[in-house]
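Asks:
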Amino acid sequence: MGFFDFIYPAGSSPQLTTAQAFQEQQDGARIIDIRDIIEWNKGHVLDSFHIPQAKLLRPGAGIDKDDRLILVCNTGTISLSVAHKLVQEGYDATSIHGGFDSWKRSGYPIRYR
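Letter by letter, the sequence shown follows residues 0 to 112 of numbering that gives the first Met the number 0.
(1) So does the region 46-61 actually touch the region 12-22, counting three or more Cβ pairs closer than 8 Å?
(2) Classify Asp66 as helix, strand or coil using the three-state DSSP reduction.
(3) Pull up the distance between the alpha-carbon of Val81 and that of Tyr107, whole angstroms please.
(4) With DSSP as the reference, label Leu15 as helix, strand or coil.
(5) Alpha carbon to alpha carbon, what distance is there between Gly27 and Ile77?
(6) Quick one: what's Asp91 bridged to in DSSP?
(7) Have a look at the DSSP bridge pairing and note the partners of Val44.
(8) Compare the beta carbon distance of Asn73 and Gly98 with 8 Å and say whether it is the shorter of the two.
(9) The beta strand (DSSP E) that contains Arg29, what's its start and end?
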């Protein structure tokens, strides 16, 4: 039994592909970029929200348990860990496999500051 088998039902994935994340964003999910502001300013998922990891895990972060949350970091590793913590707290959260690097390589919309 793997680490995420305790949290995610059999056959489901704790991470989304970039295509799945893009479709879920179109369907109303909130993509939250948890990277620091320097990385965010270098480019981020179009229409995503910036809430750094340290703030996201504190009360008053501006997230709702009724929202579908898709977290993104550079490679997907940190966002997966944070999504795991949010799921334990009752949020509907996941992350993008491969993170922002994968999103960018896949050619999905990006905004630069």
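Built from N, CA and C at the ideal position, the CB exists for glycine as well.
Replies: If we stick to the structure as given:
(1) no
(2) Numbered from 1 along the sequence shown, position 67 holds the residue referred to as residue 66. In the structure shown, Asp66 sits in coil (DSSP, three-state: anything other than H, G, I, E or B).
(3) For the purposes of this step, residue 81 is taken as residue 82 along the sequence shown, with counting starting at 1. For the purposes of this step, residue 107 is taken as residue 108 along the sequence shown, with counting starting at 1. So the alpha carbons of these two residues sit roughly 23 Å apart.
(4) Walking along the sequence shown from the start, residue 15 turns up at place 16. Leu15: strand per DSSP, three-state reduction.
(5) Counted from its first residue, the sequence shown places residue 77 at position 78. Counted from its first residue, the sequence shown places residue 27 at position 28. Cα to Cα, the separation comes out at about 23 Å.
(6) Walking along the sequence shown from the start, residue 91 turns up at place 92. Paired residue(s): Arg67.
(7) Here residue 44 refers to the residue found at position 45 when the sequence shown is read from its first residue. Answer by DSSP bridge pairing, in chain order: Ile109.
(8) By 1-based counting over the sequence shown, the position of residue 73 is 74. By 1-based counting over the sequence shown, the position of residue 98 is 99. Their beta carbons are under 8 Å apart, which means Asn73 touches Gly98 by this criterion.
(9) For the purposes of this step, residue 29 is taken as residue 30 along the sequence shown, with counting starting at 1. Run containing Arg29: 29-32, per the beta strand (DSSP E) assignment.
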